[in-house]
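Residue numbers (the working numbering): 1487 to 1584.
Where is the CB? At the ideal position from N, CA and C, for every residue including glycine.
Small disclaimer: the values here were computed from a predicted structure and weren't measured.
Worksheet: the structure to be examined is printed underneath.
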């Protein structure tokens, strides 16, 4: 004997959960962004007034993709410094899955 659930009618079936849409692949890094990532690899951690610091647009893209970060060793009132993340190093080695 089937018990009657007051929320569902007799014989109702739960709707299947729809599959997630495939994730849109990120666009490849531009030449300037790749150069910026190489710069951070060579100069990490880098202060905001370091010589040759990449443009803010490149830094924003790299931070959004989690390839660079504000240095995790930074204390609360220390000046900001940027460092490359392990994901950024893997990206340079070609081990990324963007």
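For the stretch 1490-1548, the continuous alpha helix (DSSP H) assignments of 4+ residues that do not extend past its boundaries occur at 1517-1529, in sequence order.
According to the DSSP secondary-structure assignment, residue 1556 is paired through a beta bridge with 1568. Non-local beta-carbon contacts of residue 1530 in its own chain, meaning distances under 6 Å to residues more than five positions away in sequence, involve 1569, 1570 in chain order. One Cα belongs to residue 1563, the other to residue 1505, and the distance between them is close to 45 Å.
Excluding the 5 residues flanking it on each side, residue 1534 has same chain C-beta neighbours closer than 8 Å at 1565, 1566, 1567, 1568, in chain order.
A residue is called buried when at least 16 other Cβ atoms come within 10 angstroms of its Cβ; residue 1574 meets this threshold and is buried. Looking from the CA of residue 1525, the closest CA among 1541, 1510, 1512, 1511 belongs to 1541. No Cβ-Cβ contact shorter than 8 Å links residue 1509 with residue 1578.
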